[in-house]
Amino acid sequence: MTRAGRVERTTKETTVLVEIDLDGTGRTEISTGVGFYDHMLDQLGRHGLFDLTVKTEGDLHIDSHHTIEDTALALGAAFKQALGDKVGIYRFGNCTVPLDESLAQVTVDLSGRPYLVHTEPENMAPMIGSYDVTMTRHILESFVAQAQIALHVHVPYGRNAHHIVECQFKALARALRYASERDPRAAGILPSTKGAL
2 MTRAGRVERT TKETTVLVEI DLDGTGRTEI STGVGFYDHM LDQLGRHGLF DLTVKTEGDL
62 HIDSHHTIED TALALGAAFK QALGDKVGIY RFGNCTVPLD ESLAQVTVDL SGRPYLVHTE
122 PENMAPMIGS YDVTMTRHIL ESFVAQAQIA LHVHVPYGRN AHHIVECQFK ALARALRYAS
182 ERDPRAAGIL PSTKGAL
């Protein structure tokens with residue numbers, strides 16, 4: 002059975018379509034109008050081996066905040082939808098990814114309880130193209146709220162803002178992949194002692 006999610010979100014500020022297949026091959030089609038964000042979402046699909054389509058039209062004449070936030074909300078909702086009942090998955094995943102001088106450590110629990118812990122170096126360059134680097138945390142907050150997962154992201158060091166953000170998305174992709182994959186030893190079993198996730 003294919004584990005896929007599809008979410009359409011329309012407000013006065015944005016129109017968003019997200020489609021995700023957790024059992025894909027990493028095929029991506031991304032268009033948000035924010036070049037660096039597109040690049041990060043491409044990393045998420047490629048390194049998570051998720052087939053991911055994201056099409057967002059937003060009020061970029063104001064700034065990129067609404068476009069980035071609403072895309073992350075829709076992505077989280079689509080990911081939750083694709084997970085389904087979570088029977089037979091590993092549930093937990095973690096990955097450490099370097100990108101030259103930067104390092105990201107990500108741990109995830111597909112617990113049904115949204116919680117984010119996020120640390121990254123201070124005093125980074127404020128912008129990467131039209132991407133405000135302070136939005137990285139907000140992306141994660143928005144995704145976590147809708148996906149209903151616990152997520153810890155720690156970047157102990159790094160200098161280049163592009164590298165610091167990108168290694169977070171790559172590590173997140175792998176951690177989500179490992180957590181959402183089916184465990185052959187736990188077929189038909191919900192990975193929780195309380196019987197619900």
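Counting in my numbering, the sequence shown runs from 2 upward without gaps.
We put the CB at the ideal spot given by N, CA and C, even for glycine.
- Item | the segment 127-135 / the segment 33-53 touching (three or more Cβ pairs under 8 Å) | Remark: three or more beta-carbon pairs, one from each stretch, lie closer than 8 Å, so the segment 127-135 and the segment 33-53 are flagged as touching.
- Task: Using three-state DSSP, classify Asp-71 as helix, strand or coil.
- Result: If you number the sequence shown from 1, residue 71 lands on position 70. Here Asp-71 sits in helix by DSSP.
- Around the C-beta of Ser-181, are 16 or more other C-beta atoms found within 10 angstroms, so that it is buried, or is it exposed? Counting from one through the sequence shown, the residue named residue 181 turns up at place 180. Ser-181 counts as buried, since no fewer than 16 other beta carbons sit within 10 angstroms of its beta carbon.
- Would you call the segment 116-124 and the segment 146-160 in contact, with 3 or more CB pairs under 8 Å? Yes, the segment 116-124 touches the segment 146-160.
- Query: Excluding sequence positions up to five away, which residues of its chain have a Cβ less than 6 Å from the Cβ of Leu-42?
  - Reply: Position 41 of the sequence shown, counting from 1, holds the residue named residue 42. Only Ile-31 and Val-55 meet the Cβ criterion.
- Under the rule that 16 or more other beta-carbon atoms within 10 Å means buried, what is Glu-70, buried or exposed? In the sequence shown, the residue the question calls residue 70 occupies position 69. The residue is buried, with at least 16 neighbouring Cβ atoms inside 10 Å.
- Mapping DSSP to helix, strand and coil, what is Asp-39? Looking up residue 39 in the sequence shown gives position 38. Of the three classes helix, strand and coil, the one that applies to Asp-39 here is helix, per DSSP.
- Are Ala-188 and His-48 closer than 8 Å when you measure CB to CB? By one-based count along the sequence shown, residue 188 stands at place 187. By one-based count along the sequence shown, residue 48 stands at place 47. Not a contact, by the Cβ cut-off of 8 Å.
- Query: Between the Cα of Gly-77 and the Cα atoms of Gly-89, Arg-186, Gln-169 and Arg-7, which residue gives the shortest distance?
  - Reply: Taking the first residue of the sequence shown as 1, we reach residue 77 at position 76. With distances taken between Cα atoms, Gly-77 lies closest to Arg-7.
- Task: Could I get the ranges of all uninterrupted alpha helix (DSSP H) runs contained in the segment 87-165, with 4 residues as the minimum, in chain order?
- Result: Here the runs fully enclosed are 136-148.
- Message: Quick check: Ser-112 and Ala-176, are their CB atoms within less than 8 Å of each other?
- Response: Translated into the one-based positions of the sequence shown, residue 112 becomes position 111. Translated into the one-based positions of the sequence shown, residue 176 becomes position 175. Between Ser-112 and Ala-176, the gap from beta carbon to beta carbon reaches 8 Å or more.
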